[in-house]
Amino acid sequence: MAAVGWGVVGVPLVLIVMAKVRDRTGSSGQVAIGGAIGVTVLILTAVLMLTVLPGVLTWVIVAVAAAAVSVMMLAS
């Protein structure tokens, strides 16, 4: 369940990062690179959550990411 929550929180997080890259650089190539890096980190973290990380740490990561996305959405 936590990995699903991570995916739900992670997708808007990647989109926000891509928007920030676009605002700072204006380059579509840099936006694509930022998106690829974000998706890679999202997938790797999900795999770690499913295999290695303890449950409590997994839920803490999801909660922190959800709080960060909420603040970023309110700020923009």
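Start counting the sequence shown at 3; every next residue gets the next number (our numbering). Virtual Cβ for every residue (Gly too), placed ideally from N, Cα, C.
- Task: Compare the Cα-Cα distances from alanine 5 to each of Ser72, Thr47, Leu76 and report the closest residue.
- Result: Thr47
Does the beta-carbon of serine 29, which I'm using as the reference point, lie nearer than 7 angstroms to any heavy atom of the ligand GTP?
Inclusion of the ligand GTP in the displayed structure is not the case, the ligand content being empty and no account of it being possible.
What do you reckon, are the CB atoms on isoleucine 18 and methionine 74 nearer than 8 angstroms?
-> yes
* Quick one: give me the first and last residue of the alpha helix (DSSP H) that leucine 46 is part of. => 30 to 53
* To do: Over the uninterrupted alpha helix (DSSP H) stretch that includes serine 72, give me the two end residues.
  => 57 to 77
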